[in-house]
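Take a look at the structure set out below.
4 protein chains.
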Amino acid sequence: MIRVGIVGATGYGGRELIRLLLLHADTEFVAATSTSAVGQRVDAVLPAFKTMTNVVFSDFNAQTLKETCDVVFIGVPGKESMAPVAALREAGVRVLDIGADFRLKNLDDFTKYYKADHTAAHLLEESVYGLAPWYRESLKTAQLVAVPGCYPISAVVPLRPLLDAPLSDVPVVIDSISGISGAGKSLSEGLHFPEMNENLKAYKLGMHQHIPEMEQELLHKMTVQFTPHIAPITRGILTTITLRPSETFDPTPYYACYENEPFVRVLGEGVLPDINQVRGTNFCDFGWYRDERTGNLIIVSAIDNLCGGTAGMAMQCLNIMFGLDEKTGLHLGGLLP
Amino acid sequence: MIRVGIVGATGYGGRELIRLLLLHADTEFVAATSTSAVGQRVDAVLPAFKTMTNVVFSDFNAQTLKETCDVVFIGVPGKESMAPVAALREAGVRVLDIGADFRLKNLDDFTKYYKADHTAAHLLEESVYGLAPWYRESLKTAQLVAVPGCYPISAVVPLRPLLDAPLSDVPVVIDSISGISGAGKSLSEGLHFPEMNENLKAYKLGMHQHIPEMEQELLHKMTVQFTPHIAPITRGILTTITLRPSETFDPTPYYACYENEPFVRVLGEGVLPDINQVRGTNFCDFGWYRDERTGNLIIVSAIDNLCGGTAGMAMQCLNIMFGLDEKTGLHLGGLLP
Amino acid sequence: MIRVGIVGATGYGGRELIRLLLLHADTEFVAATSTSAVGQRVDAVLPAFKTMTNVVFSDFNAQTLKETCDVVFIGVPGKESMAPVAALREAGVRVLDIGADFRLKNLDDFTKYYKADHTAAHLLEESVYGLAPWYRESLKTAQLVAVPGCYPISAVVPLRPLLDAPLSDVPVVIDSISGISGAGKSLSEGLHFPEMNENLKAYKLGMHQHIPEMEQELLHKMTVQFTPHIAPITRGILTTITLRPSETFDPTPYYACYENEPFVRVLGEGVLPDINQVRGTNFCDFGWYRDERTGNLIIVSAIDNLCGGTAGMAMQCLNIMFGLDEKTGLHLGGLLP
Amino acid sequence: MIRVGIVGATGYGGRELIRLLLLHADTEFVAATSTSAVGQRVDAVLPAFKTMTNVVFSDFNAQTLKETCDVVFIGVPGKESMAPVAALREAGVRVLDIGADFRLKNLDDFTKYYKADHTAAHLLEESVYGLAPWYRESLKTAQLVAVPGCYPISAVVPLRPLLDAPLSDVPVVIDSISGISGAGKSLSEGLHFPEMNENLKAYKLGMHQHIPEMEQELLHKMTVQFTPHIAPITRGILTTITLRPSETFDPTPYYACYENEPFVRVLGEGVLPDINQVRGTNFCDFGWYRDERTGNLIIVSAIDNLCGGTAGMAMQCLNIMFGLDEKTGLHLGGLLP
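Here's what the structure looks like:
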């Protein structure tokens with residue numbers, strides 16, 4: 120039994136981690152820290168888990184977590200994982216951070232897009248970017264995993280195999296539509312139910328913090344024009360990618376690399392995914408269309424931002440880190456309907 | 120490994136059964152029949168399960184199912200299970216029917232509320248009503264299980280322990296609000312997205328087929344005034360029950376019977392459930408309020424109509440039938456958010 | 120041209136008043152006060168009205184409003200209208216308050232249900248309860264109108280004509296389902312989009328402040344068991360009322376009183392309304408079902424809580440106060456879809 | 120009083136036309152034809168309009184409509200307006216067609232994208248494309264108006280002023296997200312509530328019939344890469360346009376042409392619209408962002424597909440045709456919330 124703790128377990132990513140841990144036969148959820156709920160039972164604060172766990176929220180203490188856990192997930196808000204990760208690594212604990220603080224290798228990008236200084240930059244070198252299909256070998260021995268962002272997963276999975284395809288240097292247009300859980304549980308007027316219901320918005324044009332993350336993981340071979348949108352659903356990201364080839368080509372052979380990937384489902388030409396088929400799962404599904412009239416290639420991908428885009432990817436990384444079958448605890452078909 | 124088949128696997132109940140079977144460590148999903156998809160792979164028809172199963176839809180054949188399955192779920196629409204259940208029982212197959220045909224013991228009620236003659240009435244005697252907390256012993260050896268309806272589960276679970284409480288003979292008012300998946304996948308104008316979105320409706324006042332089922336399982340000691348409503352959510356039933364006591368009483372001791380029930384969560388006085396905490400799960404949660412001003416007792420219960428109200432309850436019954444831990448495959452916390 | 124001001128114009132009720140004023144041929148929207156937006160244009164704060172009005176938010180000043188307006192709507196949150204209404208009445212301004220402060224004639228009820236002392240109780244006597252079909256004569260000369268609450272409108276309209284019908288003294292069960300706009304624009308965790316989407320809840324059992332308002336307007340001849348619920352829609356209230364007659368009777372003749380009501384649509388026996396047919400309108404639609412098996416009478420009504428349940432009813436009152444055709448500015452059919 | 124008839128009044132476009140006609144002081148809704156509801160009252164078939172109109176559905180008869188109407192709207196499904204329009208024009212009736220049959224001037228495009236032969240091609244020459252800001256003069260005397268499609272309105276309004284701007288010849292990427300009412304009221308599995316709720320999809324990549332319409336109205340100076348998406352809302356289109364300038368430029372002066380447009384609201388640089396501010400209205404709102412990093416210009420526009428994208432635009436055209444103030448009957452602020 121792998122003993123697992125969660126730092127910041129009441130956020131949406133943290134709750135999804137608990138859901139997955141309770142399904143996982145080889146892990147035990149043993150500890151949870153919180154800033155707001157110390158001393159309360161997890162299943163009292165989150166009645167969805169009532170009777171399913173006896174864990175009580177405690178203060179964060181790296182040494183205690185070292186003693187009680189084999190691995191710790193970090194689920195705190197952006198820019199707040201630097202401190203606990205540093206403390207846990209100092210104590211020798213293996214860490215999976217579902218936040219953004221250890222994803223960018225370039226500190227200038229971090230400062231520019233997150234508008235903060237990095238207080239644990241010495242850990243960036245050991246940090247492994249937890250995109251399982253591309254970093255499997257490094258993950259086996261990783262001590263610190265930076266679980267990728269949800270938008271980058273939806274874009275990098277279909278794009279990375281195309282880095283050597285014949286593409287022009289026109290920026291790739293990535294228009295994503297996300298469910299609202301991606302914005303987390305902080306209250307804001309724009310996410311108050313009557314304001315967001317029946318609404319659609321684009322936001323953070325040209326300045327979203329996932330832009331440098333995408334470009335890093337596309338090895339700086341593509342310029343990304345990323346426009347995120349929100350729609351009134353809870354879970355899911357649908358990403359539409361418009362590429363301008365320099366000559367006509369068939370993407371199929373480029374995707375042979377995903378043949379044995381357990382959670383990447385290449386749907387092929389003319390077959391497009393929707394959110395239904397990935398809701399509640401760790402899958403990233405995508406298909407494409409080659410537009411003869413314009414010469415463009417359009418790819419559409421779908422993930423569940425909280426599962427395949429966050430907690431599910433994190434669990435897959437954990438399975439790799441501990442030598443388990445990667446599918447363990449992730450036998451999740453789409454919650455449909 | 121218990122080999123499981125599903126007759127009518129493309130409906131919403133059938134899909135949820137597949138989702139649960141794929142999570143269940145001690146069962147194997149081996150066969151699926153369909154009238155519309157014979158010869159196609161299940162994961163092609165239902166892309167949510169792509170790469171997760173190799174089962175191919177076949178025609179219904181009781182003898183074949185006898186040879187390949189230890190137990191068969193029936194997920195066909197109302198009034199269509201009589202024929203396949205009769206054939207499977209004839210062939211000696213254990214059957215769990217998530218439809219309504221074998222729930223009512225009184226044939227007149229069946230004819231009146233379902234507007235059909237019963238063609239397999241000889242099986243009603245052996246049919247066990249699959250409400251796990253109340254029929255556990257019979258389920259252990261059951262050959263034919265009639266899985267309860269979703270609305271009756273939400274009402275009978277909180278009401279049955281009160282049959283001996285001091286209640287007046289005023290009919291109990293049961294106002295339920297259901298998500299739309301409860302109406303199944305048959306197309307109708309009223310359930311076309313733009314017609315149902317942002318809408319609320321009451322329907323089938325005084326004539327819903329779950330009324331006699333509720334009264335049967337309340338042992339004809341309560342008269343039920345049941346008004347079902349639909350709201351634009353996919354999954355979930357919230358049931359509000361208004362009872363008129365003949366004298367003040369505390370319901371708490373009546374619910375001691377549920378202390379060890381794995382999927383009934385008695386929240387207590389003043390604590391009311393919502394759909395979030397049961398979505399995707401097998402739980403039935405309820406709490407209550409005693410109104411001193413009016414003398415009434417109001418109970419509010421919540422279930423996921425497709426899981427705890429259908430497929431989850433069916434899996435719990437299967438676990439009992441095969442001597443497994445009742446929680447096997449059902450370690451599902453609420454999908455929240 | 121009737122010059123109209125709004126105190127508290129940024130709330131949901133206030134916004135709906137602006138929408139209706141801009142449609143109304145005989146009124147002019149001339150003033151708006153706000154605590155948060157003084158000095159800003161209304162159409163900058165509320166871009167839905169961009170280019171449609173030149174009004175700039177000002178501080179509240181009763182004397183200024185007296186000079187610029189023929190009538191003033193009050194749209195501030197609960198318990199905050201006492202002060203501005205008192206000041207405006209002191210200045211001699213006719214006032215329509217869409218809040219709750221001047222509805223209850225019994226001060227003890229106000230204190231008990233609103234948990235506050237009434238600071239302008241001297242105005243309760245002149246306050247006219249603005250339920251147009253029942254207070255038309257008083258409204259013609261009213262100086263202060265207390266526009267009814269949304270739930271009470273949905274319940275009192277169908278119930279008031281039945282006060283002399285043969286009913287038992289069992290409390291009438293009123294189970295309402297409301298859209299979320301009814302809760303206003305104050306942020307709360309429970310109304311954060313991902314928490315409320317796909318969710319259903321009952322709340323404030325036995326203690327909702329609309330209970331004494333309903334009983335007052337039912338002339339204390341009915342005891343009300345009121346349970347409000349919320350569903351994830353923006354606008355609309357569906358109210359299901361279960362009555363226990365003392366003998367069988369036909370409600371039809373009791374509703375003859377509504378024959379010429381412009382905004383009450385009596386659908387009749389067996390015809391039930393939904394939200395679609397009232398969304399965006401001032402209508403209150405209702406129908407009923409007589410259950411022969413139980414002896415009960417069930418009535419279902421539908422309104423748009425913001426229009427027919429608040430701002431539309433207020434505009435109808437204004438039309439009556441100023442001798443206009445009651446339908447002026449209210450030629451609104453259901454926004455469908 | 121302008122007497123108005125509607126051919127095909129039960130569809131979503133037709134219903135919205137009725138809603139607007141009932142608000143319009145200078146028109147009278149006098150006739151409605153239907154294939155499914157002949158002999159029934161409009162307000163019985165569409166209870167949202169109950170008590171608001173006495174019109175009874177009749178069979179289509181061009182001569183009768185000629186006698187009773189000054190102008191007729193056509194609201195029938197795609198490819199079905201050719202016949203009634205031809206008959207009405209033959210009879211000398213002025214016609215506004217909210218369908219697609221008379222928008223494309225190029226018959227090959229019509230055949231290719233609509234997969235049908237045009238049976239009334241002789242009328243294409245007199246047909247005026249009803250995009251009010253660009254065809255105002257022609258509309259004044261128009262006998263046949265082809266009301267634009269919803270997606271083209273959302274794209275052509277912001278793009279047409281830029282035809283002479285310094286743009287590269289890279290295809291413009293137009294990714295739109297539409298509410299479901301745009302798909303009309305025909306039932307399909309994909310639009311069944313539980314299938315579409317919480318779902319997102321891209322569809323008809325590279326082959327949507329609005330592509331040639333957009334390119335025609337961009338005077339064939341832009342190549343359009345159009346990808347439509349659907350999201351689970353009822354009304355609204357949000358369109359995100361990515362343009363590749365050949366040199367840096369400020370769009371502001373190009374939009375001076377819209378300064379006096381009553382229903383185009385140019386929000387400016389860095390101000391982006393959402394659906395809330397246009398729901399139920401005839402407005403087209405847009406703003407933009409210039410991305411210094413990539414050199415691209417991104418424009419985001421919002422309309423209500425049924426009002427500003429169909430029936431509202433049609434009413435504005437009618438106002439122009441009959442010499443009325445263009446805003447008559449369209450004083451509609453956003454239904455917010």
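Chains as they are written, first to last, in this note's numbering: chain W, 120 to 456; chain U, 120 to 456; chain C, 120 to 456; chain E, 120 to 456. For every residue, glycine included, the Cβ atom is placed at its ideal position computed from N, Cα and C. The model shown is predicted, which means the values in this text are computed figures rather than measured ones.
Report buried or exposed for U:Arg412, applying the criterion of at least 16 other Cβ atoms within 10 angstroms of its Cβ.
By the neighbour-count rule (16 or more Cβ atoms within 10 Å), U:Arg412 is not buried but exposed.
Looking at chain U, which residues of the stretch 407-425 of chain C have a Cβ within less than 7 Å of any of its Cβ atoms?
Tyr408, Asp410, Arg412, Thr413, Asn415, Ile417 and Val419
Measure the C-alpha to C-alpha separation of U:Ser305 and E:Val126 and round it to an integer number of angstroms.
30 Å
Integer Cβ distance of E:Ile349 from E:Asn424, believed to fall under 8 Å
Wrong, their Cβ atoms sit about 11 Å apart, outside the cutoff.
Under 7 Å, do E:Gly442 and E:Asn401 count as touching if we go by C-beta distance?
no
Nearest neighbour of E:Thr239, chosen from E:Val390, E:Val204 and E:Asn173 [CA to CA]
For the sequence presented, residue 239 of chain E should be read as Ala rather than Thr. Considering only alpha carbons, the answer is E:Val204.
Can you find the residues in the same chain that come closer than 8 Å, C-beta to C-beta, to C:Thr371, ignoring five residues on each side of it along the sequence?
Gly387 and Glu388
Do the stretch 331-343 of chain U and the stretch 128-142 of chain E meet, that is, are 3 or more Cβ pairs less than 8 Å apart?
no
Under 7 Å, Cβ to Cβ, is there at least one residue of chain W near U:Thr371?
no
Of all the CB atoms in chain E, is at least one closer than 7 Å to the CB of U:Ile299?
yes
Cutoff 7 Å: E:Gln396 Cβ touching any chain C Cβ:
Judged by the 7 Å Cβ criterion, E:Gln396 is in contact with chain C.
Grab me the residues of W:Glu317's own chain with a C-beta within less than 7 Å of its C-beta, minus the 5 sequence neighbours each way, in chain order.
Pro351
Beta strand (DSSP E) containing E:Pro347: first to last residue?
Val343 to Ile349
Out of E:Pro364, E:Arg409, E:Glu314 and E:Val214, which one is the CA nearest neighbour of U:Gly303?
Nearest of E:Pro364, E:Arg409, E:Glu314 and E:Val214 to U:Gly303, Cα basis: E:Glu314.
Collapsed DSSP secondary structure at C:His481 in the structure displayed
Because chain C is modelled from 120 through 456, residue 481 of chain C falls outside the range shown and cannot be assessed.
Is there a C-beta anywhere in chain C that falls below 7 Å from the one on W:Leu286?
no
Label W:His327 either buried or exposed according to how many other C-beta atoms from any shown protein chain fall within 10 Å of its C-beta, with 16 as the threshold for buried.
buried
N- and C-terminal bounds of the alpha helix (DSSP H) containing U:Glu256:
Ala251 to Lys259
Bounding residues of the beta strand (DSSP E) (the contiguous stretch that carries W:Asp294)
Val291 to Ser297
Helix, strand or coil, according to DSSP, for E:Arg208 in the structure here?
In this structure, E:Arg208 counts as helix in the three-state DSSP scheme.
With distance defined between alpha-carbon atoms, name the residue in U:Gly124, U:Gly218 and U:Glu308 nearest to U:Val175.
Comparing Cα-Cα distances from U:Val175 to each of U:Gly124, U:Gly218 and U:Glu308, the minimum goes to U:Gly124.
What are the start and end residues of the alpha helix (DSSP H) that includes U:Cys269?
Counting along the chain, the alpha helix (DSSP H) containing U:Cys269 begins and ends at Cys269 to Leu278.
Would you say E:Pro391 lies against chain W (beta-carbon separation less than 7 Å)?
Per the sequence shown, the amino acid found at residue 391 of chain E is Leu instead of Pro. With 7 Å as the cut-off, E:Leu391 counts as an interface residue toward chain W.
Beta-carbon of W:Ala156 versus every beta-carbon of chain U: anything under 7 Å?
no
Nearest to U:Pro392 (by Cα), restricted to the options C:Val385, C:Val149 and C:Leu319:
C:Leu319
Starting from W:Asp404 and walking both ways along the beta strand (DSSP E), at which residues does that stretch end?
Cys403 to Arg409
Which residues DSSP lists as bridging E:Ile121, in chain order
E:Thr146
By the criterion of Cβ-Cβ separation under 8 Å, what are the contact partners of E:Gly399 in chain C?
Gly399 and Leu454
Where does the unbroken alpha helix (DSSP H) through C:Glu336 begin, and where does it stop?
Note, C:Glu336: alpha helix (DSSP H), His329 to Glu336.
List the endpoints of the continuous alpha helix (DSSP H) containing E:Val164.
E:Val164 -> alpha helix (DSSP H) spans Val161 to Val164.
Quick check: U:Val191 and U:Val157, are their CB atoms within less than 7 Å of each other?
no
contact_flag[the stretch 180-191 of chain C, the stretch 221-239 of chain C] where n(CB pairs < 8 Å) is 3 or more
no
Looking at the structure shown, is U:Phe179 part of a helix, part of a strand, or coil, going by DSSP?
Of the three classes helix, strand and coil, the one that applies to U:Phe179 here is coil, per DSSP.
Between C:Leu449 and C:Gln396, which are expected to be in contact by the criterion C-beta below 8 Å, what is the C-beta distance as a whole number of angstroms?
With 8 Å as the limit, C:Leu449 and C:Gln396 do not qualify as a contact, their Cβ atoms being about 15 Å apart.
Could you name the residues of chain U that C:Ile272 contacts, counting a contact when the two beta carbons are closer than 8 Å?
Residues of chain U passing the Cβ test: none, with the nearest at roughly 16 Å.
Fully enclosed by the stretch 411-446 of chain U, which beta strand (DSSP E) runs are 3 residues long or longer?
416-422
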